[in-house]
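So the sequence shown is residues -19 to -1, 1 to 621, counted in mature numbering (1 follows the signal peptide of the UniProt record, and there is no 0).
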Amino acid sequence: MNLRAIATLALAFTLPAVAQQVPHSFAAVGDHFELDGKPFRILTGEMHYARIPRARWDDAMQKAKALGLNAITTYVFWNVHEPRPGVYDFTGQNDLGEYLAAAQRAGLKVILRPGPYACAEWEFGGYPAWLIKDPTVVVRSSDPKFMKPVAKWFHRLGQEVQPYLAANGGPIIAVQVENEYGSFGNDHAYMEQMKDLVISSGIGGKNPKKAVDEDGKNVPQDTGTMLYTADGGVQLPNGTLPELPAVVNFGGGQAKSELARYEAFRPNGPRMVGEYWAGWFDHWGNNHQKTNAAEQVAEYEYMLKRGYSVSLYMLYGGTSFGWMAGANSGDKAPYEPDVTSYDYDAPIDERGNPTPKYFALREVIQRVTGITPPPVPETAATVAYPIAPILQTASLWDNLSKPHTSVTTLTMEDIDQAYGYILYTTQLSAGQQGELKLDELHDYAQVYLDHKLVGTLDRRHQQSSLTLPAAAGVRELEILVENSSRINYSLALRGERKGITHRALLNGTELSNWKIYPLPLDHPEAILFKNAPCSGPCFFRTSISAPAAMTLPADTFLETTAIHKGFAWVNAVALGRAWNIGPQAALFVPGSWLHSGENQLIVFDLTAEGAPALSTRKDTLYIPGADEAKHPAASTINHP
């Protein structure tokens, strides 16, 4: 038995039971794709494992299949899998292998987008925060301080992915190299490095140095997958590699112009739209996005009739649970944090319901392909559960962590913190007053003197200074800063350290001698509650009651209109951010995260005025984005 046969036999014993032990191959051949040597048109839709409750993965796959698709597409989010350097998590909600197995059980192929940059309106575009603890690291570049951890991560990811590659009988037929790099830069040497890393780590492509035959000579190891790049039409020259197929990304109303640009750039080769934006996402303070479904369905049909492969972005948006919603940056709005929901006005809504758009697309796919899809699975109804009156509270001031001491301000990254809040305190001597300036505030600050709120500063509006009132005695200056999300798009992401990222100045003089408290809020079960009223930055603990007869509780939504600005957890699992400036006014609570009986609910409110009146509802809730003239994002509060 030669070495190749031994390796194949060894792999057969390590593959998950779901995998078919029949190797497959996928490639671009001339003007089309081929699966196992036969023409194959990709009809796919984007769904992210981290945004869909694990208990719903099989249901999501069945709904993709029932739409008429033959594949699903997903990013891999580095930050959820390597929360600390060298510490990996592929369990529970992060079990990428099980997600890929669910696709295979449904008879779907997979297009994998491993990044390491994802964008996706995801915190820091999927990069882990520890990556920029060293402020000299240049992310998304050939900087060795960046490429070394990327290489280590990719080789670890390869261990998870390899059993699911087409050549090993798995569902992965294509792997994207980087992600829309042409919108960021045009360093083709960097793109070649990324391609080589994908290959050498065993994630995809063909590696001529991976194996040797019985004579000790190098033989190609083909993963059965096709490598490709994806960019917007204008950016194609910047982000593509001549040796790889290229796909084009665009949104509603752009099909004819973008396809013409794409075909002019690549007159030969297979035709694919890598992202057809079937909706859009929401920013805090803006209105909920509703897109033109009729236009999207018509354009989708137009592309199918032209023979295109198409990926719907998103097919099923889901929820950016916890702290994972991203933020945008542009010329008109340098900082726009995204809401927790990633509903995206997608064909399948946030909790998994097919929408009218879904059924219109399904009819088009059936008509154009002539293939009748399987029936659409039913989605279980939601329930509005009772919430017990709030009796237990906890002031943030009574739940501070052990502080770091520093002459100067430190960022979250400096103290190995990724998400949540960070508190800076220092003493002001008698008579100190005037303009407080937070140089490079990231992102939202509440400023206190002896626990009394002086004012707020909001990066969304480029606010960085306010006036501290005069007082006779020594006072404690307290600056509570929220990481409202790291930017996930544009060159701006290279500067996304959090907290007071430069200096705090009073009348132009730098303040010093700080106590700095990390407040990641990642262990709500450790908060010390008591039966007493609370106002200011407060936690509130109560319970959601699911009937004992309900062995599998149904989904619900936590209405958040009573929370000024804060966060919520159910059974110590992070639901996400809430902010009364809208447009999102309810947080999705998956039934699979509940159990029959009492379920612990904890909410945090930065500016509580007593216990909030909380309730659940059967559906989501959107409110108009706040009119900034009526709901100012920042203010100075004068205290006696």
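For each residue, glycine too, the CB sits at the ideal point set by N, CA and C.
DSSP places Q408 inside the beta strand (DSSP E), whose first and last residues are 402 to 409. Distances from the alpha-carbon of P534 to those of P95, K599, G233, N149 put K599 closest.
In the DSSP assignment, E590 forms a beta bridge with S516. In the three-state DSSP reduction, N561 falls in the coil class, being neither helix nor strand.
Every candidate alpha helix (DSSP H) stretch fails here, since none sits fully inside the segment 521 to 546 while reaching 4 residues. Within its own chain, the residues whose Cβ lies closer than 8 Å to the Cβ of E331, once the five positions on either side in sequence are excluded, are G298, G299, T300, S322, Y323, D324, F569, T601, listed in chain order. DSSP places R247 outside both helix and strand once states are collapsed to three, so it counts as coil. In the three-state scheme derived from DSSP, where H, G and I count as helix and E and B as strand, F135 is classed as helix. In the structure shown, the three-state DSSP call for L93 is strand. By the neighbour-count definition (other C-beta atoms within 10 Å, threshold 16), G67 is an exposed residue. In the three-state DSSP reduction, Q270 falls in the coil class, being neither helix nor strand. With contact defined as three or more Cβ pairs closer than 8 Å, the segment 357 to 368 and the segment 58 to 78 are not in contact. The straight-line gap separating the alpha-carbon atoms of I153 and P335 is approximately 25 Å.
Between P218 and A9, the C-beta gap is not smaller than 8 Å, which leaves the two residues out of contact.
Buried is the label assigned to G213, since at least 16 other Cβ atoms lie within 10 Å of its Cβ. Relative to the Cα of T490, the nearest Cα in the group L417, P593, N273 belongs to L417. In this structure, R121 is the residue among S181, R121, H136 with its C-alpha nearest to the C-alpha of N160. Judged by beta-carbon spacing, K338 lies within the 8 Å limit of P328, meaning their Cβ atoms are closer than that value. DSSP, read as helix, strand or coil, puts Y294 in strand. DSSP, reduced to helix, strand and coil, places K599 outside both helices and strands of the structure shown, so it counts as coil.
Y162 and F105 have their C-alpha atoms some 15 Å from each other.
Inter-segment contact for the segment 501 to 509 and the segment 434 to 451 is absent: fewer than three beta-carbon pairs are separated by less than 8 Å. Annotation for R121: no alpha helix (DSSP H) segment contains it, and DSSP assigns it neither H nor E.
Taken atom to atom, the span from the alpha-carbon of F302 to that of A530 is near 28 Å. In the DSSP secondary-structure assignment, G49 is not bridged to any residue.
In this structure, the beta-carbon distance from S290 to M253 falls below 8 Å.
Put simply, of Y98, F71, V345 the residue whose alpha carbon is nearest the alpha carbon of L474 is Y98. One alpha carbon belongs to I604, the other to T541, and they sit about 11 Å apart.
With 16 or more other CB atoms across the displayed protein chains lying within 10 angstroms of its CB, P318 is buried. Scanning H62, F71, A82, V3 for the CA closest to the CA of D40 turns up A82.
The Cβ atoms of L595 and A555 lie no closer than 8 Å to each other.
Rounded to the nearest whole angstrom, the CA to CA distance from E15 to M42 is 23 Å. Contact between the segment 407 to 421 and the segment 510 to 518 is absent, with fewer than three C-beta pairs closer than 8 Å.
Rounded to the nearest whole angstrom, the CA to CA distance from A453 to I403 is 28 Å. In the structure shown, E141 adopts helical secondary structure according to DSSP, grouped into three states. The C-alpha of F21 is placed about 44 Å away from the C-alpha of G563.
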